[in-house]
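Numbering (my numbering), first residue to last: 5 to 547. Note that CB positions come from ideal geometry on N, CA and C, so glycine has one too. Structure first, commentary second.
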């Protein structure tokens, strides 16, 4: 199950505090002064309420407000709000919005602005945006006929079925392509449906299928917290793969994957996991496509209950002649096709697997290290724009996620770090004050100081509990953490540690993260013992 970014929604009643400017001596009406378009959710309201205009003392005959709708509104819709006849906007004028009693307004970025700030020259929406969550569920079936997901005690959403064929796989004259040849396996039909109108941090029952093909068991999932809310918790790891439960032998076994998924399942039983991030090297099918089925079965207890967000890695995408940055045969000819089919993330488009989402106090930006990240490339321009537009009053933390790392103490035949990648992207992180960076690719856990260009710009101090604490009240540089210990055979470290490397652990496990408005706590958990093997905290604006 993947989580698509919420359509930010408000409910509909619009109030204009313009009575102080009402007068019968105003000049003739002019063209409308404002035109704003935004998402608006209708909730319990079924009509647009304009009574506040009618109740003005000495109302202006020229003042007008028009909310255009196509009849009663669903949970989400486009609404045009046009205000005209306001000839001398003043600071005493205001724009407000009434919401149902169960709506949270604390995270609304426009809750404190006045009319002048939302007038002609502003690009901001007239209505405050309140998050209404939606979740995308994906399942595989042998039947391509229409199916649906039933959820929330009576709602239903139809699925869209897709598939791919061996013709979609890649090949190159001098490289093997299992995906196009001896590793090909018919994937069946991949169904996706979007459940809309969901509230943040709520649990819902659902099942999927149809009367003709049968129904799944009923399962319960929980939506992530709203963007701008006080806190969120998530689990993050990379480089997982799969392994058989019995002693059988198969292609590319990842021995730690069973222990890590089992440990994360126990973690989820606490009710304190809002999302899971799997940051590259997902199944290690590498062209033997039946192994995607094995992997999806392995993670089902996790991905069926909370949002399962992914980043693409070299073993999903890379292949010569396919447009990937690196020309290794690591994907076995899959070229990202299988990955994007099974994990339809909220990306910009096909073969553009980068995206940003917000949950709680965090703005997450997820990049592809396998697609061009050079300056002025499409992905670079997108990262630059996204990072520069983060509203820190809403999401004070920015966490950057990708697959290949910028810092690693691993020593191997093939270098783990691409200096060109670091030179291109690292300045974006510093210039936009990214707080924390997670990468995988190297199969261990490693944490840095607050580092830039290989130099420590900030070191943590022990707090009263003995936890390494970085104070970002005076920002210096991002902290980097490698969390590639999700299952693949482990990597070691160089005998002489780098000055920027503060913690190095070669054990299977995952990172547990809890964030509030003022603190992010990261704990690396060993999957074998469930013990915390390293932990650190980043704070700002108080503790």
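Report buried or exposed for residue i, applying the criterion of at least 16 other Cβ atoms within 10 angstroms of its Cβ.
i, result
"residue 545", "exposed"
"residue 541", "buried"
"residue 15", "Caution is warranted here: a pLDDT of 34 is assigned to residue 15, below 50, making its placement in the model unreliable, and no coordinate value can be reported."
"residue 150", "exposed"
"residue 273", "exposed"
"residue 301", "exposed"
"residue 495", "buried"
"residue 243", "buried"
"residue 360", "buried"
"residue 50", "Annotation note: pLDDT 30 at residue 50 (below 50); position unreliable, coordinate value reported separately. Classification for residue 50: exposed."
"residue 44", "Any reading at residue 44 must be qualified, since the residue scores a pLDDT of 33, below 50, and its modelled position is unreliable; the value itself is stated next. So residue 44 ends up on the buried side."
"residue 564", "Any question about residue 564 goes unanswered here, given that the chain covers just 5 to 547."
"residue 427", "exposed"
"residue 219", "exposed"
"residue 137", "buried"
"residue 250", "exposed"
"residue 318", "buried"
"residue 535", "exposed"
"residue 190", "exposed"
"residue 500", "exposed"
"residue 472", "buried"
"residue 448", "buried"
"residue 533", "exposed"
Measure the CB-CB distance between residue i and residue j and report whether it falls below 7 angstroms.
i, j, result
"residue 348", "residue 196", "yes"
"residue 519", "residue 366", "yes"
"residue 482", "residue 438", "yes"
"residue 507", "residue 538", "yes"
"residue 148", "residue 165", "yes"
"residue 329", "residue 279", "no"
"residue 154", "residue 163", "no"
"residue 284", "residue 407", "yes"
"residue 528", "residue 263", "no"
"residue 291", "residue 187", "yes"
"residue 199", "residue 161", "yes"
"residue 413", "residue 502", "yes"
"residue 239", "residue 268", "yes"
Judging by CA-CA distance, which residue of the options is the nearest neighbour of residue i?
i, options, result
"residue 316", "332, 469, 306 and 287", "287"
"residue 337", "214, 183, 454 and 143", "183"
"residue 179", "298, 159 and 323", "323"
"residue 194", "181, 174 and 167", "167"
"residue 452", "484, 424, 427 and 414", "484"
"residue 404", "378, 431 and 414", "431"
"residue 145", "139, 346, 248 and 262", "346"
"residue 248", "259, 447, 401 and 238", "259"
"residue 221", "230, 215, 211 and 229", "211"
"residue 434", "412, 413, 459 and 420", "459"
"residue 4", "373, 362, 536 and 363", "Residue numbering for the chain in the displayed model covers 5 to 547; residue 4 lies beyond these limits and cannot be assessed."
"residue 510", "522, 391 and 450", "450"
"residue 295", "177, 308, 246 and 267", "246"
"residue 265", "306, 277, 289 and 235", "306"
"residue 157", "201, 230 and 173", "201"
"residue 480", "341, 454, 468 and 473", "454"
"residue 401", "514, 352 and 362", "362"
"residue 522", "215, 351, 364 and 465", "364"
"residue 391", "376, 326, 429 and 423", "429"
Would the beta-carbon of residue i be found less than 6 angstroms away from any heavy atom of the ligand FMN?
i, result
"residue 150", "In the structure shown, the ligand FMN is absent, as is every other ligand, since no ligand is present at all."
Three CB pairs or more closer than 8 angstroms across the segment 224–231 and the segment 191–210 | yes
3 or more residues per run - each beta strand (DSSP E) lying fully within the segment 220–272 = 223–226 and 236–241
Would you check if the segment 441–453 and the segment 486–497 touch, i.e. whether three or more CB-CB distances between them fall below 8 angstroms?
-> yes
In chain order, which beta strand (DSSP E) runs of at least 3 residues are fully inside the segment 388–443?
-> 401–405 and 440–443
Is it a yes or a no for the segment 247–255 touching the segment 375–393, going by three-plus beta-carbon pairs under 8 angstroms?
-> no
Within the segment 292–349, note down every full alpha helix (DSSP H) run reaching 4 residues or more, in order along the chain.
-> 294–307, 318–321 and 341–346
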